[in-house]
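Residue numbers (the working numbering): 49 to 174.
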C-alpha cells in the first residue's frame, strides 16, 4: 500500500514536468516569478548590513525588532522608488522612456532600478 501511494504521489510532479517542458508560456511565467523572487532577495541583502544578514541579538524580542526595522527600511525604499518613478512618468515626454518607466513600475520598482538613475544625481536604492 505504501509503495502504491508513493508512486501515486509522483503523478502530479510528472504532470508538472511535462507541462513545463511542453508549454512555453508556462515556463516563461515561472521564470518571471523566479526572477522577481531573486530580485527581492537581492534587495533584502542590499538593505541588510554586517554579520552576513545574521541576527546578532540573542533575545527573540530583539530579533523581531531588528526584522521590523529591516522591513520598514525596505518598504520606505520601495515607496520612494514608486513615488520617484511616478513623478518621472508624469514629466517624461519620450514615449520610449515612458514605456521603460511603466515597465519598471509593473515589475516591482524596488529591486530593478539600476537602469533608472535620476539626472539630479540622487542614487536610487536597489
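Quick reminder that beta carbons are idealized off the backbone N, C-alpha and C, glycines included.
Go ahead and label residue i buried or exposed: buried means 16 or more other beta carbons lie within 10 angstroms of its beta carbon, across all protein chains shown.
i, result
"residue 89", "exposed"
"residue 94", "exposed"
"residue 125", "buried"
Near residue i, which residues of its chain fall below 6 angstroms by C-beta distance, leaving aside the five closest residues on each side in sequence?
i, result
"residue 140", "146"
Measure the alpha-carbon distance for residue i versus residue j and round it to whole angstroms.
i, j, result
"residue 62", "residue 50", "19 angstroms"
"residue 68", "residue 52", "25 angstroms"
"residue 122", "residue 92", "7 angstroms"
"residue 107", "residue 143", "53 angstroms"
"residue 80", "residue 71", "14 angstroms"
"residue 78", "residue 58", "20 angstroms"
Please return the same chain residues whose Cβ sits closer than 8 angstroms to the Cβ of residue i, not counting the five positions on each side in sequence.
i, result
"residue 74", "67 and 68"
Using C-beta distances below 7 angstroms, list every residue in its chain close to residue i, excluding the 5 sequence neighbours before and after it, in chain order.
i, result
"residue 136", "149"
Legend entry - Contained alpha helix (DSSP H) runs [length at least 4] in the stretch 119-160, N- to C-terminal order: 143-154, all fully within the stretch 119-160.
Legend entry - beta strand (DSSP E) segments (min. 3 residues) lying fully within the stretch 55-79: Here no run is fully enclosed.
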